[in-house]
Structures are given as C-alpha cells and as structure tokens.
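Heads up: the structure comes next, in structure tokens.
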C-alpha cells in the first residue's frame, strides 16, 4: 500500500465550506450571553455590527452588549484571517474528534474519526446525519455539533500552518509533518492504515461499536443545575 498523498495549499478550513467557528461569551451587569455559530470570513465587518444589534434586540439585552459582541466576533475573525495566505499541508490522515456538549435538555457525547485531508467534508451534513441516526429532535443540537467539529479542525489547520512555517525556517533537511503539541495533532494516524484509499467522514451504523455515542435527555430541574455549574466555568 502506498504512502498517503500530501500537498501544500493556502490556509483554509479543511472542509467544503470555509466557515469560521465563533464562540461568544459576554457578561454585562450580571447578564450573560453565550452562543456558538459559524461565520463566513469573506463577509464585511459591517455584518458583525448588524448581527450584534439584531441579537441584542431579539434577546432583549441591553445595548451595552452590542460593542462587546462585535469585538468578540471581530477578534476571532481577525485571528482566522491572520493565517490566510500562509501554507498548510493537506494529507490523507484521520484524527479522532470528540463531542461532549449540552444543548438545552440534550447531552451528547461521541467520538469518531475524521479525514482532515478531505477538503469536501461537511461538518453540518455529518451533524444532521448523526442527529437523524440518534433520533435527536432539538434543532439546535445539530449546529452545535458542527461548530464543535469545526473548532477542532480549525486547531489542526492552524497548527499545520505553524508547522509549515517552522519547517521553512529550519535548516534541517527533513522537517516533521504536522509537528505540533496539539493533542488532536499528536493523535493523527494514517488514514490508509484504517480505511485504505477510501474513507468516509460519515460513520456507518456498523462502526458504532467502536465509539458508542451517548445521548441523554435530562429533566428541566437538572438542566437548571447543570447550567448554573457551566456558568461558573
């Protein structure tokens, strides 16, 4: 079996759609707004202000939330854009991704393998399929799963940029591939070892015994307790 192919491309999310995972956590005068979503880095920053104003209005939050929400989103987009134009390596490798989240009354824990060399992968499609297979009906769970996946892939992609940058600066004849202290990067394994030349990010039902997903629907009372504990983090 041949070695996995690799190539160098300009930085981007290793997915079909180049969407940035955004996580906002703002607290003003005892009120807190927390949310996670994706954002198109090509959208103008004026869209951020419109989004912040609309969100504050819809949730009846004080206008003092607007500038903080704006700067939080803008800062994360600036970090993402700082990698653009730099080289990253794309290689047929799989990495274990983990999901551990609570959305309203639904708790989801899962682990699966993802091909980071497949630039046509779709976290949103994967999340929809997972929710369908697990009979999850809360429409907010799927997007939350997709954001969690994108956050992990973003870390891997940014670490790849750092590794390529360090390799160029090094005078060693052979630089390590995907050199990183990242837990996700260190857990990367050759895709060929597991799937040969054909692999899918959409896990088949027969593979569930490897990483059994766990879904709990908790009571409203327990949800309140868990939410209070999360607020302390």
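In UniProt numbering, the protein residues as written are 1 to 233. Ideal placement from N, C-alpha and C gives every residue a C-beta, glycine not left out. A quick note: this is a predicted structure, and the numbers were derived from the prediction, not measured.
{"Asked": "Using only CA atoms, which one of 104, 74, 91, 85 lies nearest to residue 51?", "Found": "74"}
{"Asked": "Excluding five sequence neighbours on each side, which residues of the same chain lie with their C-beta closer than 8 Å to the C-beta of residue 134?", "Found": "108, 213, 215"}
{"Asked": "Where residue 26 and residue 68 are concerned, what is the direct C-alpha to C-alpha distance, given to the nearest angstrom?", "Found": "7 Å"}
{"Asked": "At what residues does the alpha helix (DSSP H) containing residue 22 begin and finish?", "Found": "Run containing residue 22: none in the alpha helix (DSSP H); it sits in the beta strand (DSSP E), 20-28."}
{"Asked": "According to DSSP, is residue 130 part of a helix, a strand, or is it coil?", "Found": "helix"}
{"Asked": "Using a Cβ-Cβ cutoff of less than 6 Å, which residues in the same chain neighbour residue 11 once the five nearest sequence positions on both sides are dropped?", "Found": "83, 84, 86, 88, 161"}
{"Asked": "Just grab the DSSP bridge partners of residue 158 for me.", "Found": "DSSP, once it has assigned bridges, lists no residue as partnering residue 158."}
{"Asked": "For a quick check, are the C-beta atoms of residue 143 and residue 124 less than 9 Å apart?", "Found": "yes"}
{"Asked": "Taking Cβ to Cβ, would you say residue 38 is nearer than 9 Å to residue 19?", "Found": "yes"}
{"Asked": "When the Cα atoms are used, what is the spatial distance from residue 151 to residue 169?", "Found": "27 Å"}
{"Asked": "May I ask you to report which of helix, strand or coil DSSP gives residue 60?", "Found": "coil"}
{"Asked": "Do residue 113 and residue 90 come within 9 Å of each other at the CB atom, strictly closer than that value?", "Found": "no"}
{"Asked": "For the beta strand (DSSP E) containing residue 76, list its first residue and its last residue.", "Found": "Here residue 76 belongs to no beta strand (DSSP E); instead the alpha helix (DSSP H) covers 65-81."}
{"Asked": "From the DSSP output, which residues share a beta bridge with residue 8?", "Found": "89"}
{"Asked": "Got a sec? Which residues, its chain only, sit under 7 Å from residue 141 by beta carbon, not counting five neighbours each side?", "Found": "103, 106, 108, 131"}
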